[in-house]
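Report on the structure given below.
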Amino acid sequence: GVQAEPGAEPEPSRPATARAASCAIVGDDAALTGAVAGALEARGVRCMAVPAAEVGAGFDAAAAALSSAAERTGALDAVVVALTEGSPTGSVSAGSDRASGWERILAEHDGLADAIRVDAGWVRAVADLAARDGHRVRVVTVVDATSAGGRSRAQAASQLSRAARGATSGQVAAFVLALEAPDPGGSATVGQIVAHLVCSEAAVELSGAELVAGDGWLGLRSHPRPAGSITFGGP
34 GVQAEPGAEP
44 EPSRPATARA
54 ASCAIVGDDA
64 ALTGAVAGAL
74 EARGVRCMAV
84 PAAEVGAGFD
94 AAAAALSSAA
104 ERTGALDAVV
114 VALTEGSPTG
124 SVSAGSDRAS
134 GWERILAEHD
144 GLADAIRVDA
154 GWVRAVADLA
164 ARDGHRVRVV
174 TVVDATSAGG
184 RSRAQAASQL
194 SRAARGATSG
204 QVAAFVLALE
214 APDPGGSATV
224 GQIVAHLVCS
234 EAAVELSGAE
244 LVAGDGWLGL
254 RSHPRPAGSI
264 TFGGP
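In this text, residue positions in the sequence shown follow the numbering used here: the first is 34, and each later residue adds one.
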């Protein structure tokens with residue numbers, strides 16, 4: 034073997050061979066969707082962009098968009114849904130003495146029900162596509178969780194995803210990644226996490242887990258409180 038110099042960093046491993054051959058990426062943030070596509074294509078996954086602005090509202094529109102993507106690429110192995118514009122938003126008057134209290138929390142939940150319906154609609158569309166084609170599909174929902182409403186949205190999406198494998202006889206594995214910092218590690222880092230969930234054989238066991246990325250950290254959350262924590266140093 035080769036003795037590494039003290040303090041030398043190990044060589045990064047190459048991306049694992051993809052289990053997925055094709056993926057539709059639904060999004061409204063060019064930097065984020067571009068990073069996801071780049072990470073997937075580095076693993077040999079053929080990507081099809083589905084601009085959210087071109088998809089109408091409602092479940093039927095989501096189902097039609099995925100059917101169209103499947104017709105162009107063949108059976109889809111994965112779908113990534115990264116919608117930032119639908120995240121709950123709201124504000125209170127800057128002069129309010131409750132601007133940092135319960136009024137802000139309530140305001141940041143404005144539009145939450147609609148956002149939850151959108152996320153659930155895409156996952157339902159994936160499930161129907163998998164059943165129609167008799168094909169296993171992974172779906173990754175990336176949620177902007179930088180506000181109280183966004184965190185509630187991510188938790189709701191995680192709760193809904195927990196039934197994916199059982200309700201589809203293992204045809205659909207659903208993952209949720211909550212981004213709790215404006216740019217946790219950069220879009221490239223998020224792209225690598227998503228690509229791992231799409232491509233890794235081992236990642237399927239994370240279906241239904243609540244995955245969280247913050248500023249310099251990645252976690253797996255347990256409710257009502259964390260059961261433990263693990264920190265890795267190095268690359």
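For every residue, glycine included, the Cβ atom is placed at its ideal position computed from N, Cα and C. These numbers were taken from a predicted model, which means no experiment stands behind them.
Review point. Between the beta-carbon of Phe8 and the beta-carbon of Gly154, is there less than 7 Å?
Key: No answer is possible for residue 8: it lies beyond the span of the chain, which begins at 34 and ends at 268.
Check your understanding: Would Ala190 pass as a contact of Asp152 if the rule is Cβ separation under 7 Å?
Key -> Cβ distance < 7 Å, so Ala190 and Asp152 count as in contact.
Review point. If you count every other CB in all the chains shown that lies within 10 Å of the CB of Ala127, and 16 or more means buried, which is it?
Key: Residue placement at Ala127 cannot be trusted, given a pLDDT of 49 that sits under 50; the coordinates are not used to answer.
Check your understanding: Does DSSP put Gly199 in a helix, a strand or coil?
Key -> The DSSP-derived three-state label of Gly199 is helix.
Review point. For the region 54-102, which segments carrying the beta strand (DSSP E) assignment without a break, of at least 3 residues, lie completely within its bounds, in sequence order?
Key: The region 54-102 contains these whole beta strand (DSSP E) runs: 55-60, 79-84.
Check your understanding: So, is Glu87 buried or exposed, given that buried needs 16 or more other C-beta atoms within 10 angstroms?
Key -> Exposed, since its Cβ has fewer than 16 Cβ neighbours within 10 Å.
Check your understanding: What residues in its chain sit with their C-beta under 6 Å from that of Gln204, if we drop five residues either side in the sequence?
Key -> Non-local C-beta neighbours of Gln204 in its own chain, meaning closer than 6 Å and more than five positions away in sequence, comprise Ala163, Arg169, ordered along the chain.
Check your understanding: Apart from the five residues on each side of it in sequence, which residues of its chain come closer than 7 Å, Cβ to Cβ, to Ala57?
Key -> Excluding residues within five positions, the ones whose Cβ falls inside 7 Å are Met81, Val83, Leu99, Ala102, Leu109, Val112.
Check your understanding: How big is the Cα-Cα spacing for Val156 and Asp166?
Key -> Cα to Cα, the separation comes out at about 15 Å.
Practice item. Give the straight-line distance between the Cα atoms of Leu210 and Ala68, rounded to the nearest whole angstrom. Key: When rounded, the distance between both Cα atoms is 15 Å.
**Study point:** Buried/exposed call for Ala228, threshold 16 Cβ in 10 Å
**Key:** Under this definition Ala228 is a buried residue.
Review point. Does the region 221-235 come within contact of the region 186-201, defined as at least 3 CB pairs closer than 8 Å?
Key: Judged by Cβ distances under 8 Å, the region 221-235 makes no contact with the region 186-201, as fewer than three pairs qualify.
Exercise for review: Tell me whether Asp147 sits in a helix, a strand or coil according to DSSP, three-state version.
Suggested key: In this structure, Asp147 counts as helix in the three-state DSSP scheme.
Practice item. Using 10 angstroms around the beta-carbon of Ala63, count the other beta-carbons present and answer buried if the total reaches 16, otherwise exposed. Key: With a threshold of 16 other beta carbon atoms within 10 Å, Ala63 falls short and is exposed.
Practice item. Compare the Cα-Cα distances from Ser117 to each of Leu212, Leu73, Leu193 and report the closest residue. Key: It should be noted that the sequence gives Thr, not Ser, for residue 117. Ranked by Cα distance from Thr117, the options Leu212, Leu73, Leu193 are led by Leu212.
**Study point:** Ala246 in three-state terms, based on DSSP
**Key:** DSSP places Ala246 in strand when its eight states are reduced to three.
Practice item. Return the CA-CA distance between Asp177 and Ala148, expressed in angstroms with no decimal places. Key: Approximately 11 Å between the Cα atoms of the pair.
Check your understanding: Are the beta-carbon atoms of Ser180 and Glu141 separated by less than 7 Å?
Key -> Yes, they are a contact pair.
**Study point:** Alpha carbon of Arg52 to alpha carbon of Ala242, nearest angstrom
**Key:** Each residue's alpha carbon lies about 20 Å from the other.
Practice item. Output the distance between the C-alpha atoms of Gly249 and Gly107, rounded to the nearest integer angstrom. Key: C-alpha separation (whole angstroms): 37 Å.
Practice item. On the DSSP bridge assignment, give the partners of Ala206 in chain order. Key: DSSP lists Arg171 as partners of Ala206.
Exercise for review: Please work out which residues of its chain come closer than 8 Å, Cβ to Cβ, to Glu74, disregarding the five sequence neighbours upstream and downstream, and give them in chain order.
Suggested key: Closer than 8 Å at Cβ, skipping near neighbours: Cys80.
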